[in-house]
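If you're matching positions, the sequence shown starts at -6 in this note's numbering and goes up one per residue. Since the structure comes first, as C-alpha cells, the remarks are kept for the end.
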Amino acid sequence: MSHYSKEEWQQFISDQLTEAKRIEMEDHLYTCDRCLEIYMELMEEHAASLPSPSTFSISADEIIAQVRQEPHQQQEKVGQKLLHYGIAAAITITLLSSGIFQSIANAAVGASISEKRPSYAEQLMNKTISLLDCIQLNQKEEPHRR
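In C-alpha cells form, the structure reads like this:
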C-alpha cells in the first residue's frame, strides 16, 4: 500500500489539489491508519490558521438576516399569484357570459349527433333480416322452376 507524504497532506489541508486528487486522498484516509495519523497531526499543527468558530457565527447571523427577509419576498409572490388568479377569473366570467363556451359545447354535441351510426347489434339484425328475405324469396321462386 502506498502512502502519501506530509507535503501532499499539507496541500490537501490547504486545498491546493485538484478535485480528483482530493477525492483519491480522502478515500485513502478511510483505509489507511498511518496516513490518518499524519493528517490528524497536521490538522492539530495548523489549527491556529484555520477559521475560528466566531467567523462562522458572523456568517450564520448574516444568513439568519437573509432568511428573515425572504418572507417579505414570498408575500410579494403571493400577491402576484392572487392578481393572476383574479385576472383569469375575470376572463373566464367574461367568456361564460358571452356564451362562447355554450357555442363550443353545442358544436361538439351537433357533430356527435350527425355522426351517429347504428350500433353493431342493429347492423347485425339488419343483415340477418336481409338474409332471411333473400332465403324466402329463393323459396318462392323454387316452386316455379320445377
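No residue lacks a Cβ here, since even glycine has one placed at the ideal position from N, Cα and C.
Are the beta-carbon atoms belonging to residue i and residue j less than 8 Å from one another?
i: Leu29; j: Lys(-1); result: no
Between the C-alpha atoms of residue i and residue j, what's the straight-line distance to the nearest angstrom?
i: Phe5; j: His(-4); result: 14 Å
i: Leu124; j: Leu88; result: 55 Å
i: Ala41; j: Thr11; result: 25 Å
i: Ser112; j: Phe94; result: 30 Å
i: Ile18; j: Ser52; result: For clarity, residue 18 is Met in the given sequence; the question names Ile instead. Roughly 29 Å separates the two Cα atoms.
i: Ser90; j: Thr121; result: 52 Å
i: Lys74; j: Ile84; result: 15 Å
i: Ile148; j: Asp8; result: Residue 148 cannot be examined here, being either before or after the span of the chain that is shown, -6 to 139.
i: His77; j: Ala58; result: 30 Å
i: Ala82; j: Arg61; result: 33 Å
i: Gln132; j: Ile97; result: 55 Å
i: Gly72; j: Ala100; result: 39 Å
i: Gly79; j: Ile86; result: 11 Å
i: Arg27; j: Asp54; result: 39 Å
i: His209; j: Glu69; result: In the structure displayed, the chain extends from -6 to 139; residue 209 sits before or after that span and is not available.
Count the other CB atoms within 10 Å of the CB of residue i; is the residue buried (16 or more) or exposed (fewer)?
i: Ile31; result: buried
For residue i, which of helix, strand or coil comes out of DSSP?
i: His(-4); result: coil
i: Arg110; result: coil
i: Gly171; result: Since the first residue shown for the chain is -6 and the last is 139, residue 171 is missing from the structure and cannot be characterised.
i: Cys25; result: coil
i: Ser91; result: helix
i: Asp126; result: helix
i: Asp8; result: coil
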